[in-house]
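I have placed the structure first, in the form of structure tokens, so that the comments after it can refer back to it.
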Amino acid sequence: INPYVYPIAAFSAEAQDYFDRLDTAGDTTYTPYKQPLANYIDGLVALGGAYWNTMESAASFVGVGIEGVVVPLRSGMTTLTNNNFVDADLNQLTGLIGNGTNKDISTGVAESQMGQNDSSFSVYASTRENTTARMMGSGARNYIAGKPTNGYYANVNDSSFPILGTGTAVPNFVGVSRSSATEITWLGYGQSGTTLETSTWTPDASVFTVFSQAGTTYTTARLATYHVGPALTLATLESLQATLMSEIAAI
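In this note's numbering, each residue's number is its place in the sequence shown (first place is 1) plus 86.
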């Protein structure tokens, strides 16, 4: 096909919109990583629903510069705020590293924007947290934390899980998803499970942050990406993120 006669779009409209917003933010670092980022976005778009259309917040901390870590994947997602991260904290292949003291990313997503029994959130850790500090969380009801020695643990809508997976290898996706008043699923270290739960909770105005739990118990983990939104199949999202990481690493 002659591109001068039949112009070929290099990227989908959704991926190009993301790149345009990275440009506006002043990020030039992302250019060599366009294809992996576009592939990730296109995978989410193809799934639609909670993976794209109604996802509340998601961003990539790999394949971008420090200006790009606060650019959400989809136009219309809430505004992200970088609290104290600098360029030296960022590695394009592995993501942002926390300092355990005062660095986090506010997603702008309040618990009240989530369904009472229709929610999910996750992080992709390049290096794990070995204390009980929070890698992501809001208020007192929702968080993902490290577990000393091995595993992660989480609290979802006032329902606590002692360990999500029992491995130690990273990088690793860890997330939780609640799709009903009685069922919560989790995935960590490639292991998964379902917990029967009878309690529910009333969402409040506390905001999800990444690298802390709403500005407390900051993590020292290095994170590649995250999401927060309605319930979804965690393994599906994990697969897309694992592909993103491998394609970024190959650049």
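Beta carbons: idealized from backbone N, C-alpha and C, even for Gly.
* **Inter-stretch contact (C-beta, 8 angstroms, three-pair minimum) for the region 185-201 and the region 133-144** => yes
* For E142, which three-state DSSP category applies? -> coil
* Work out the CA separation of K189 and Y312 for me, nearest whole Å. => 16 angstroms
* To do: Mark V156 as exposed unless 16 or more other C-beta atoms lie within 10 angstroms of its C-beta, in which case mark it buried.
  => buried
* Kindly indicate which three-state DSSP category E269 falls into: helix, strand or coil? => strand
* Could you give the distance in angstroms between the alpha-carbon of G232 and the alpha-carbon of Y275? -> 12 angstroms
* Nearest-angstrom Cα separation, counted from A335 out to S161 -> 26 angstroms
* Give a yes or no on contact between the region 118-137 and the region 161-170, applying the rule of three or more CB pairs nearer than 8 angstroms. => no
* According to the neighbour-count rule (16 or more other Cβ atoms, all chains shown, within 10 Å of its Cβ), is A321 buried or exposed? -> exposed
* **Cβ shell of V256 (< 7 angstroms), same chain only, five flanking positions each side left out** => A211, S212, T213, R214
* **Sub-7 angstroms separation of V242 and N228 beta-carbons** => yes
* Pick helix, strand or coil for V91, following the three-state DSSP scheme. => Note on V91: pLDDT 46, under 50, position unreliable in the model; the coordinate value appears next. It is coil, neither helix nor strand.
* Cβ neighbour criterion (16 or more within 10 Å) applied to T218 -> exposed
* Asked: Any idea what DSSP makes of R264, helix, strand or coil?
  -> strand
* Enumerate in chain order the residues of its own chain whose CB-to-CB distance from L176 is below 6 angstroms, with the five nearest sequence positions on each side excluded. => I152, L182
* Identified DSSP bridge partners for M222 -> I230, V296
* Please say whether Y104 and L318 have beta carbons closer to each other than 7 angstroms? => no
* Return no unless some Cβ of chain B is closer than 7 angstroms to the Cβ of F171. => Among the chains in the structure shown there is no chain B, since it carries only a single protein chain.
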